[in-house]
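Read through the structure below, which is laid out as structure tokens, and then see the notes.
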Amino acid sequence: MIAWARITLSVIIMTLLTQCVSPMKTKHTPDPDVFFHSAQPPPGGTQKWNPLWWVGNADDPVPPHWYRPGQKMRSTLWQLRNPMHNFTFYVIGIHDKEFVRLGKQPGAVFRKGGGWNWAVIHHGWLRLPFVSYEGENIRWYALWREKGNFGLKLHRHRRE
Numbered sequence: 031m032i033a034w035a036r037i038t039l040s041v042i043i044m045t046l047l048t049q050c051v052s053p054m055k056t057k058h059t060p061d062p063d064v065f066f067h068s069a070q071p072p073p074g075g076t077q078k079w080n081p082l083w084w085v086g087n088a089d090d091p092v093p094p095h096w097y098r099p100g101q102k103m104r105s106t107l108w109q110l111r112n113p114m115h116n117f118t119f120y121v122i123g124i125h126d127k128e129f130v131r132l133g134k135q136p137g138a139v140f141r142k143g144g145g146w147n148w149a150v151i152h153h154g155w156l157r158l159p160f161v162s163y164e165g166e167n168i169r170w171y172a173l174w175r176e177k178g179n180f181g182l183k184l185h186r187h188r189r190e
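Heads up, the sequence shown is in my numbering, so the first residue is 31 and it goes up one at a time.
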């Protein structure tokens, strides 16, 4: 029984370790219903097992020039603007992995011209869904977006 436990544990560890390696680049033909995402690990690597790292923003730790120029708490407000960036992109998201996204307009969050948009991310055996809607008075999206990050958003449309 202990031998089976060791074998099972070894297989699980090997599976997890192989997921850390980016797959080989493949050539593809352009298809409007297919979106290819290249692996984009954060600068400095990930610390997925560290909950303190989850609340940071490894991709944009410093606010851009257009964000609240001249304000005293500019950097703090930038971090509070999206406090779970690393968590949504790298812990429950797969921004640091290569994947294929299939759907209506898989490279976009919202469909051009409004209405429903949907997509599914394919990464090995993993399938991550996405759905969005843009109507006359409302816009919303849910689940895994075009960059592999998890997101939820609901807001009323501003009339022009």
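For each residue, glycine too, the CB sits at the ideal point set by N, CA and C.
Spatial neighbours of residue i in its chain, beta-carbon cut-off 6 angstroms, leaving aside the 5 residues before and after
i, result
"L182", "A172"
"A149", "R131, G133, P136, F160"
"R157", "V150"
"P113", "V85"
"E164", "F140, G144"
Beta-ladder partner(s) of residue i, from DSSP
i, result
"L132", "V64, V150"
"W174", "F180"
"F160", "A149, L173"
"R186", "I168"
Boundaries (first-last residue) of the alpha helix (DSSP H) holding residue i
i, result
"R104", "104–111"
"P99", "Counting along the chain, P99 falls outside any alpha helix (DSSP H), and DSSP gives it neither H nor E."
Where the beta strand (DSSP E) through residue i begins and ends
i, result
"P81", "Not the beta strand (DSSP E): P81 falls in the alpha helix (DSSP H), residues 81–84."
Reference residue i; option with closest CA among the options
i, options, result
"I124", "R186, E176, P91", "E176"
"P94", "V85, G86, Q109, N80", "Q109"
"P81", "D89, T118, V92", "T118"
"G154", "F129, R141, N147", "F129"
"I122", "G144, N87, K78, R141", "K78"
"P91", "F140, R111, P99", "R111"
"F180", "Y97, S68, S162, N167", "S162"
"H67", "W174, Q101, R186", "W174"
"N116", "L107, R141, G74", "G74"
"D126", "L184, E166, Q101, T76", "T76"
8 angstroms CB neighbourhood of residue i in its chain, flanking five on each side removed
i, result
"V139", "N147, S162, Y171, R175, E176"
Beta-carbon contacts of residue i that lie in its chain and below 7 angstroms, excluding the five residues immediately before and after
i, result
"Y120", "P72, T76, K78, D126"
"Q11", "Residue 11 falls outside the range modelled here, since the chain spans only 31 to 190, and no answer is possible."
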